[in-house]
Every structure is written in structure tokens, then in C-alpha cells.
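Down below is the structure, laid out as C-alpha cells.
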Amino acid sequence: MKNPQPFKKALWAFPTVLIFGYIVYMQLKMAGPDPDEFKVQIERIEEREDVLMIFGSVENLTSKDWNSIGIEVEFYDSNGDFIDETSGLGSGLRVLKGYQTENFKLSEPLAFLRIENYSETKSKVVNGYRN
Numbered sequence: 001m002k003n004p005q006p007f008k009k010a011l012w013a014f015p016t017v018l019i020f021g022y023i024v025y026m027q028l029k030m031a032g033p034d035p036d037e038f039k040v041q042i043e044r045i046e047e048r049e050d051v052l053m054i055f056g057s058v059e060n061l062t063s064k065d066w067n068s069i070g071i072e073v074e075f076y077d078s079n080g081d082f083i084d085e086t087s088g089l090g091s092g093l094r095v096l097k098g099y100q101t102e103n104f105k106l107s108e109p110l111a112f113l114r115i116e117n118y119s120e121t122k123s124k125v126v127n128g129y130r131n
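For the sequence shown, position 113 matches number 113 in my numbering, and the numbering has no gaps at all.
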């Protein structure tokens with residue numbers, strides 16, 4: 001009779017390989033977006049009572065679909081010095097399909113921001129997950 005040990009070892013290795021493969025797959029799937037894969041534009045910023053409203057658009061420059069896209073907007077003064085920032089899930093951005101552009105709106109209570117003298121904004125995608 002042949003030695004059954006190699007078969008038993010292979011049998012134990014199979015679930016380990018499956019589990020490891022699943023972990024790697026989920027890490028790749030859950031990896032956040034690369035900000036360079038998106039183009040974010042701020043169209044306008046308005047103060048409405050005690051809330052700052054930020055309107056803009058985000059373009060997905062890849063074929064990947066993304067869910068729950070988070071946008072960060074940084075505020076700078078005329079010297080280029082950082083003042084403050086805000087971020088959030090853009091309304092209307094539940095799913096951003098590949099090569100698609102969608103409008104978004106962020107709102108932030110003015111009590112949490114110190115942006116009285118800003119002259120420039122920079123924006124980027126900071127989080128999300130793939131379908």
C-alpha cells in the first residue's frame with residue numbers, strides 16, 4: 001500500500017490556500033482608490049446660514065466601478081498655506097461607474113471650519129470601495 005501522508009498533507013493545504021486566496025482577493029477589492037484615477041472639480045462654494053455648501057463633479061478615469069466615494073476639500077490662503085479641510089461622502093455618489101462623471105454636494109457646518117480668508121481649494125478622492 002502507498003503512503004497516504006502526501007494526500008493528507010495536500011488535503012490540509014487546500015483549505016489554507018483557499019482562505020489565503022480569499023484574504024488576498026478581499027484586500028484587493030477593499031483597497032481604497034488612487035486619487036490619480038479621478039478628476040475632482042469644485043464648481044462653487046456657498047455659505048447658507050450656518051452651513052458651507054460645496055458643489056462639484058468627480059470623473060472616474062478608469063474602468064473600475066466605485067461605491068461610496070469620499071471627497072476631501074482643502075482650503076489655502078493667498079500664500080499657499082493650508083488653512084483647513086473638510087471631507088465627506090458626496091451626495092449622489094453611491095456608485096460611480098467607470099469613465100463616468102457625477103455631480104456631488106458636500107455640506108459642513110461653518111462652526112467646524114476656519115476658512116474666512118481662503119483663496120484656493122484643492123480636492124481629491126480619499127476613500128471608496130469597488131463593486
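C-beta: ideal position from N, C-alpha, C; glycine also.
- In this structure, DSSP gives Leu61 a state outside helix and strand, which the three-state scheme calls coil.
- Close CB contacts of Ser119 within its chain, under the 8 angstroms cut and outside five residues either way in sequence, are with Tyr76, Asp77, Ser78 (chain order).
- Two segments are said to touch when three or more pairs of C-beta atoms, one from each, lie closer than 8 angstroms; by this definition the segment 109-119 touches the segment 80-89.
- Leaving aside the five residues that flank Asn127 on each side, the residues in its chain whose CB is nearer than 8 angstroms to its CB run, in chain order, Gly32, Pro33, Ser68, Ile69, Gly70.
- Distance check between Glu102 and each of Glu59, Ile54, Arg44 places Glu59 closest, using alpha-carbon atoms only.
- Here the C-alpha atom of Pro109 lies approximately 21 angstroms from the C-alpha atom of Val125.
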